[in-house]
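Q: Take this structure, written in structure tokens, and hold onto it; I'll ask about it next.
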Amino acid sequence: MKLNDLLDGFISLSHSSLEALANQSVTGLALNSQEVVPGNLFIALAGSIQHGLSHIDQALTRGAVAVIFDPAGGGKKMAEQTNYLPIIEIDNLNLKLGEIAARYYGDPSRFLTVIGITGTNGKTSCSQFLSQMLVDCGIIGTLGWGEWGKLNKTFNTTPDALENQRILAELLTEKKNIVAMEVSSHGLAQNRVNGVIFKGAVFTNISRDHLDYHGTMEAYLQAKLTLLNKPGLTFVVVNLDDMYSEQIIAAIPKGVAIWGVSIQGKTKDFCECINAKNILHTVNGIEFDMHWQNTIQHIKVPIFGDFNSENILAVLAVMLAMGVSITDVINKLQLIKPVQGRMERFGGNGQPLIFVDYAHTPDALNRVLSSLKKHCQQNLWLVFGCGGNRDKGKRSQMGAFAEHWADHIIVTDDNPRFENGQDIVKDILSGFGVSNDCNYKNNVEVIQNRALAIQNAIARASNDDCILVAGKGHESYQEINGEQLVFSDSQVVIDALKMRVG
Numbered sequence: 481m482k483l484n485d486l487l488d489g490f491i492s493l494s495h496s497s498l499e500a501l502a503n504q505s506v507t508g509l510a511l512n513s514q515e516v517v518p519g520n521l522f523i524a525l526a527g528s529i530q531h532g533l534s535h536i537d538q539a540l541t542r543g544a545v546a547v548i549f550d551p552a553g554g555g556k557k558m559a560e561q562t563n564y565l566p567i568i569e570i571d572n573l574n575l576k577l578g579e580i581a582a583r584y585y586g587d588p589s590r591f592l593t594v595i596g597i598t599g600t601n602g603k604t605s606c607s608q609f610l611s612q613m614l615v616d617c618g619i620i621g622t623l624g625w626g627e628w629g630k631l632n633k634t635f636n637t638t639p640d641a642l643e644n645q646r647i648l649a650e651l652l653t654e655k656k657n658i659v660a661m662e663v664s665s666h667g668l669a670q671n672r673v674n675g676v677i678f679k680g681a682v683f684t685n686i687s688r689d690h691l692d693y694h695g696t697m698e699a700y701l702q703a704k705l706t707l708l709n710k711p712g713l714t715f716v717v718v719n720l721d722d723m724y725s726e727q728i729i730a731a732i733p734k735g736v737a738i739w740g741v742s743i744q745g746k747t748k749d750f751c752e753c754i755n756a757k758n759i760l761h762t763v764n765g766i767e768f769d770m771h772w773q774n775t776i777q778h779i780k781v782p783i784f785g786d787f788n789s790e791n792i793l794a795v796l797a798v799m800l801a802m803g804v805s806i807t808d809v810i811n812k813l814q815l816i817k818p819v820q821g822r823m824e825r826f827g828g829n830g831q832p833l834i835f836v837d838y839a840h841t842p843d844a845l846n847r848v849l850s851s852l853k854k855h856c857q858q859n860l861w862l863v864f865g866c867g868g869n870r871d872k873g874k875r876s877q878m879g880a881f882a883e884h885w886a887d888h889i890i891v892t893d894d895n896p897r898f899e900n901g902q903d904i905v906k907d908i909l910s911g912f913g914v915s916n917d918c919n920y921k922n923n924v925e926v927i928q929n930r931a932l933a934i935q936n937a938i939a940r941a942s943n944d945d946c947i948l949v950a951g952k953g954h955e956s957y958q959e960i961n962g963e964q965l966v967f968s969d970s971q972v973v974i975d976a977l978k979m980r981v982g
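So for the sequence shown, our numbering puts the first residue at 481; every next one is plus one.
So this is what it looks like as structure tokens:
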């Protein structure tokens, strides 16, 4: 693409020293100077730690044919000091990058039905369930991008604006018609989905998370609500049971269809409402009666947890909003498979039921534990910790929920990162009313080695007990002092069950 065509409307290249660049051919876009190849346009953003122009020399050495930069964050001064001229200044480049990238990749979202899924919990489950049930549906999210059972790695739940457009273009090339995209609060606050056209949006729930980044719940909510301002929106699915549902509904633009879902019987006159009633929790999953319009359908799903009742309803609403028949929806739900690290089940058949789940927020842990109480025949065990260098305020809250629901609790390390694991444990234990390391309650113990903690619970639990291993879910590593050490909760569970059988 010619540089002039790529940047048309963002800046004029038809004057002064920039005119010579107008017909410059660009063969790719790069945010990371280490990824530049000859013919690329290097994009230098104003970062929170350093400006992208700090790496201009490397970008040019690797063959960048032009550089665009944001003057903010010291960029203008750095540009004045560079010997490479001309470099192209674009105000608010971070805001415009998504649209520039979309133009370069041919506006792929215009030819796709993109469903944006946001909320504190449930994003991954909803996106993965949708990808199983919709034909030619791609995924972008926490577990990766691609299609169900065949995912490529992503470094963030919502990739950066440039990577998002590249992935959408690739999914289009792979003949995908629909994309279920997890949209995180970070992704929205950092403009990563600018340039994406969304047909539908799903709000699963809003509860405490990422306050180390957003500062307040209000700022966190406002970040989420910006999804409603994206172009192309035709419908929004809202969890009516969520305490922030009224604020979400109030922010939905006029003319956008609203679908409300509830497991508490809530309805709204101005929207299509789907309720789940008579919910049963069995050793084989969830059953409930779905009420929609004037129909009642009995649904069985081989998935566990009240919160998954909400996720299933959200997925139902999306499919109905897209015109899929209720008969097809119900038939497909019966075949749905659990998501890696999301209420992933092990054991049973003469062994304790064990679930590995990503629950790493107070609300998520509360929901999972309260749900498992309904599935559990005898005692409920919990193995969990909290991540280091993250919101410390949630640790005692998670301890309090653990104490409320679980019969046996083992507090362990999660991803300590650069924090002392013992300090994290103390924060968690404060939620139990524990004042010091030697004053644990009878059903609470600390085993900081995570593998040993999981093995200990599995060895001691009775055959009719349930065990929840919470916090890391799908993660294949444990992060300690800057190192990502190979570690999988699921694999530890599998190995421990073999030892128990032996």
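The beta carbon of each residue, even a glycine, is placed where N, CA and C say it ideally should be.
1) Using CA atoms only, rank isn't needed, just tell me which of A886, R930, K874 is closest to D893.
2) Since I believe I686 is in contact with D722 (beta carbons under 8 angstroms), could you give me their beta-carbon distance rounded to a whole number of angstroms?
3) Classify F715: buried if its beta carbon has 16 or more other beta carbons within 10 angstroms, exposed otherwise.
4) Between V949 and I834, how many whole angstroms is the CB-CB distance? I'm expecting something under 8 angstroms.
5) Find out if the Cβ-Cβ distance for the pair R863, I934 is shorter than 9 angstroms.
6) For I658, which residues from the same chain have a beta carbon less than 6 angstroms from its beta carbon, with the 5 sequence-adjacent residues on both sides left out?
7) What three-state label does DSSP hand Y957 in the structure shown?
8) So P588 and Q645 are supposed to be a Cβ contact under 8 angstroms. How far apart are they, rounded?
9) Suppose you measure from the CA of F898 to the CA of Q964; what does that come to, to the nearest Å?
10) Is the beta carbon of G865 closer than 9 angstroms to that of I947?
11) Measuring alpha carbon to alpha carbon, tell me which residue in P518, A582, M823, L701 is nearest S851.
12) Do the segment 734-744 and the segment 753-764 meet, that is, are 3 or more Cβ pairs less than 8 angstroms apart?
13) Compute the distance between the beta-carbons of L483 and V506, then report whether it is under 9 angstroms.
14) Within 10 Å of its beta-carbon, does H840 have 16 or more other beta-carbons around it, so buried, or fewer, so exposed?
15) If I'm right that R870 touches N601 with Cβ under 8 angstroms, what's the distance once you round it to whole angstroms?
16) Use the C-beta contact count for I776: other C-beta atoms within 10 angstroms, 16 or more gives buried, fewer gives exposed.
17) Can you tell me which of the three DSSP states L533 falls into?
18) Between the beta-carbon of N671 and the beta-carbon of L575, is there less than 9 angstroms?
19) Just checking my contact of I766 with V781 at CB under 8 angstroms: how many whole Å lie between their CB atoms?
20) Excluding the 5 residues flanking D692 on each side, which residues of the same chain have their C-beta closer than 6 angstroms to its C-beta?
21) Just reading off the alpha helix (DSSP H) that H884 is part of, what are its end residues?
22) With a threshold of 8 angstroms on Cβ separation, who are the neighbours of L486 within its own chain once the five nearest residues in sequence on each side are excluded?
23) By the 10 Å Cβ neighbour count, where 16 or more other Cβ atoms means buried, how is T684 classified, buried or exposed?
24) Excluding sequence positions up to five away, which residues of its chain have a Cβ less than 6 angstroms from the Cβ of V972?
A: In brief:
1) R930
2) 6 angstroms
3) buried
4) 7 angstroms
5) The sequence as given places Val at residue 863; Arg does not occur at that position. The answer is yes: Cβ separation under 9 angstroms.
6) Within the same chain, I658 has close Cβ partners T593, L614, C617.
7) strand
8) 7 angstroms
9) 12 angstroms
10) no
11) M823
12) yes
13) yes
14) buried
15) Their Cβ separation, rounded to whole angstroms, is 16 angstroms, which puts R870 and N601 out of contact at 8 angstroms.
16) exposed
17) It is helical.
18) yes
19) 5 angstroms
20) R870, D871, listed in sequence order.
21) 873-885
22) V506, L521, I580, R583, Y584
23) Per the 10 Å Cβ criterion, buried.
24) A931, I934
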